[in-house]
Amino acid sequence: MRFKLIVSIIAVTALVILSCGDSPVSLAGDPEPSFLTIGLHSDSIVYSSWTQCSETDFDAYILWRSQSAGIQADPSQAIALKIFADDPLQLTWFDSTVVPGETYWYALETRNTSGLFAWSNELGITIPLNEPDNLTVFFIDPSHGSLSGDAMLIRTPNGFNYLIDGGDRRSDWSCGEDRILPMLDSLGITHLDGIVGTHPHSDHIGGLIAVLEEIPVDKVWDCGWTGDGSNTYESFLWEIQASGAEYIEGNRGMVLDWDPDLQVKILHPEPNPGTGNMNNASILIHITFEDVSFLFTGDLETDDGEEDVLAFYSPDDLKADVLKVGHHGSSDATSNYWLDAVQPSYAAIEVGSGNLYGHPHSELLYRLDSRGIPVYRTDQDGTFVITTDGTDITVF
Ligand SMILES: [Zn+2]
Numbered sequence: 006m007r008f009k010l011i012v013s014i015i016a017v018t019a020l021v022i023l024s025c026g027d028s029p030v031s032l033a034g035d036p037e038p039s040f041l042t043i044g045l046h047s048d049s050i051v052y053s054s055w056t057q058c059s060e061t062d063f064d065a066y067i068l069w070r071s072q073s074a075g076i077q078a079d080p081s082q083a084i085a086l087k088i089f090a091d092d093p094l095q096l097t098w099f100d101s102t103v104v105p106g107e108t109y110w111y112a113l114e115t116r117n118t119s120g121l122f123a124w125s126n127e128l129g130i131t132i133p134l135n136e137p138d139n140l141t142v143f144f145i146d147p148s149h150g151s152l153s154g155d156a157m158l159i160r161t162p163n164g165f166n167y168l169i170d171g172g173d174r175r176s177d178w179s180c181g182e183d184r185i186l187p188m189l190d191s192l193g194i195t196h197l198d199g200i201v202g203t204h205p206h207s208d209h210i211g212g213l214i215a216v217l218e219e220i221p222v223d224k225v226w227d228c229g230w231t232g233d234g235s236n237t238y239e240s241f242l243w244e245i246q247a248s249g250a251e252y253i254e255g256n257r258g259m260v261l262d263w264d265p266d267l268q269v270k271i272l273h274p275e276p277n278p279g280t281g282n283m284n285n286a287s288i289l290i291h292i293t294f295e296d297v298s299f300l301f302t303g304d305l306e307t308d309d310g311e312e313d314v315l316a317f318y319s320p321d322d323l324k325a326d327v328l329k330v331g332h333h334g335s336s337d338a339t340s341n342y343w344l345d346a347v348q349p350s351y352a353a354i355e356v357g358s359g360n361l362y363g364h365p366h367s368e369l370l371y372r373l374d375s376r377g378i379p380v381y382r383t384d385q386d387g388t389f390v391i392t393t394d395g396t397d398i399t400v401f
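Using this note's numbering, the first residue of the sequence shown is number 6, and each one after it goes up by one.
Below is the structure:
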């Protein structure tokens with residue numbers, strides 16, 4: 006899959022990604038080396054991710070960058086771009102300090118507590134001139150132990166930034182604190198234009214609480230759940246108020262002014278979504294940028310959820326090139342009727358790698374596979390990015 010992804014980047018954006026030919030090398034006693042992947046974010050930002058070192062004596066990752074190949078042979082000609090000490094789960098970084106037209110080489114050094122080190126493969130990338138302004142969605146990996154969830158960052162063509170859901174939290178960990186805020190920091194985002202909490206389950210709004218605490222947010226769309234909530238939902242509502250963000254109940258038919266180049270619509274739920282299945286109160290958002298559409302479905306299930314939307318809208322209203330699959334790939338969502346209407350070219354699944362529900366379910370994966378729809382999933386791919394210039398779609 007990694008190879009395919011890199012090829013697609015080259016095809017669509019005419020990037021040059023170069024491999025130095027070095028494979029990760031491990032000697033006795035040395036730490037486990039990572040495998041490094043890089044790609045270009047739409048705003049001339051290099052996105053890097055790497056496989057985890059799972060050894061208990063892990064000490065640090067050091068991401069090196071140079072303008073000539075051969076970092077491992079001569080690190081003195083490179084700069085240590087970032088040092089991630091004591092955090093083996095820090096597996097991504099966004100380098101916003103590159104210059105269009107230049108070529109950069111990257112390699113990751115892993116150190117252990119004995120002072121030994123190992124190098125990843127080395128990759129080079131040429132930053133293109135005049136990269137068009139894209140619509141870019143970061144599908145953030147919500148995995149932590151058994152926690153799962155949805156968390157997506159949307160960067161619009163004119164540079165506005167929105168979150169749809171924010172993953173889970175528990176007493177000692179928050180997806181917002183651990184994943185989202187560092188990502189925003191590395192992208193230079195100090196303020197959010199809006200947040201959507203699709204529905205009040207903790208794996209969607211839990212991580213948003215830390216985000217609301219830490220950075221200014223203009224608007225928050227909530228489904229307006231009127232049934233029994235939870236402490237997490239109460240904390241979320243309280244934090245919205247404390248932050249000064251504008252609270253908006255997101256209902257069917259609303260058109261959102263996220264960016265003048267986008268059409269953004271809420272397709273579900275109807276006002277006062279009731280006290281039944283909270284998943285079916287999920288806010289559905291349909292985004293169109295020129296020829297390309299995305300559909301974000303929260304945890305909407307088939308019975309009384311997708312069925313309700315299909316009864317209200319014509320299939321043309323639901324068509325989307327990229328479908329954020331409902332309910333973490335559960336078999337109770339994303340029916341064949343739903344897929345007939347949406348006709349996605351790509352399926353994105355937000356799901357935790359250690360989730361307790363067996364998500365994504367094999368029945369759902371079969372439905373996607375039998376239609377030849379490529380699937381990207383956070384439990385296997387980690388955080389991934391889908392970006393479009395309004396015509397072509399690139400995944401990395
Ligand atoms: Zn969920």
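Beta carbons are placed, not taken as given, at the ideal position from N, Cα and C, and that holds for glycine. The structure displayed is predicted, hence computed values, not measured ones.
Determine the contact status of D2 and S350, defining contact as a CB-CB distance below 7 Å. The requested residue 2 is not part of the displayed model; the chain covers only 6 to 401.
If you draw a straight line from the alpha carbon of F144 to that of A353, how long is it in whole angstroms? 8 Å
On the CB-based measure, 16 or more other CB atoms within 10 Å of its CB, does H46 come out buried or exposed? buried
Any heavy atom of ligand 1 closer than 6 Å to the Cβ of H206? yes
Residue environment, I84, which counts as buried when at least 16 other CB atoms sit within 10 Å: exposed
Give me the residue from I288, G279, G281 and M188 with the minimum Cα distance to I271. I288
Taking F258 as the reference, which of H273, Q246, D266 and D264 has the closest Cα? Reading the sequence as shown, one finds Gly at residue 258 and not Phe. Of the listed residues, the one whose Cα sits closest to G258 is H273.
Where do the N-terminal and C-terminal ends of the alpha helix (DSSP H) with W230 fall, by residue? Note, W230: premise wrong, no alpha helix (DSSP H); not H, not E.
Using CA coordinates, which residue listed in R184, T161 and S39 is at the minimum distance from D266? T161
Minimum length 3: unbroken beta strand (DSSP E) runs contained in the region 66 to 97: 84 to 90
Quick check on the DSSP output: the beta strand (DSSP E) that includes F165 runs from which residue to which? Run containing F165: none; DSSP gives neither H nor E here.
Straight-line Cα distance separating I214 from E239: 10 Å
Look up M188 in the DSSP assignment and give the residues it is bridged to. In DSSP, M188 forms no bridge with anything.
Output the distance between the C-alpha atoms of I132 and W98, rounded to the nearest integer angstrom. 16 Å
Taking C-beta to C-beta, are I185 and G164 nearer than 7 Å? no
Quick check on the burial criterion: 16 or more other C-beta atoms within 10 angstroms. Buried or exposed for V260? exposed
Assign S125 to buried or exposed, taking buried as 16 or more other Cβ atoms, counted over all protein chains shown, within 10 Å of its Cβ. buried
For R175 and M157, what's the separation of their Cα atoms in angstroms? 19 Å
Burial state of P276, where buried means 16 or more other Cβ atoms lie within 10 Å: exposed
Just list the residues that DSSP pairs R257 with in beta bridges. According to DSSP, R257 bridges with nothing at all.
Counting only beta-carbon atoms, is F122 nearer than 7 Å to chain B? Within the model displayed, chain B is absent; a lone protein chain is all it includes.
Which runs of the alpha helix (DSSP H) fall wholly inside the region 311 to 369 and span at least 4 residues, in chain order? 312 to 317, 320 to 323 and 341 to 347
May I ask you to list the residues that DSSP assigns as paired with T293? Q268 and S298
For D1, which residues from the same chain have a beta carbon less than 6 Å from its beta carbon, with the 5 sequence-adjacent residues on both sides left out? With the chain covering only 6 through 401, there is no way to say anything about residue 1.
Assign I43 to buried or exposed, taking buried as 16 or more other Cβ atoms, counted over all protein chains shown, within 10 Å of its Cβ. buried
For the 8 Å Cβ check, are there 3 or more pairs between the region 55 to 66 and the region 104 to 112? no
Quick one: residues in its chain with C-beta nearer than 6 Å to the C-beta of T392, no 5 flanking neighbours on either side, listed in chain order? S47, N139, T141 and T399
Leaving out five residues on either side along the sequence, give the residues of the same chain with a beta carbon under 7 Å from the beta carbon of D264. T161, P162, N163 and F165
Do you know offhand how far H291's Cα is from K324's? 9 Å
So what does DSSP say about L305, is it helix, strand or coil? coil
Reduced DSSP secondary structure (H/G/I, E/B, other) of V390: strand
Quick check on the DSSP output: the beta strand (DSSP E) that includes S125 runs from which residue to which? F122 to T131
Within its chain, find whatever has a CB closer than 6 Å to the CB of W343; leave out the 5 residues flanking it on each side and keep chain order. E311
Status (buried if at least 16 other CB within 10 Å, exposed otherwise) for R376: exposed
With a CB to CB cut of under 8 Å and the five nearest residues on each side skipped, what residues in its chain are close to T231? N277, P278, G279 and T280
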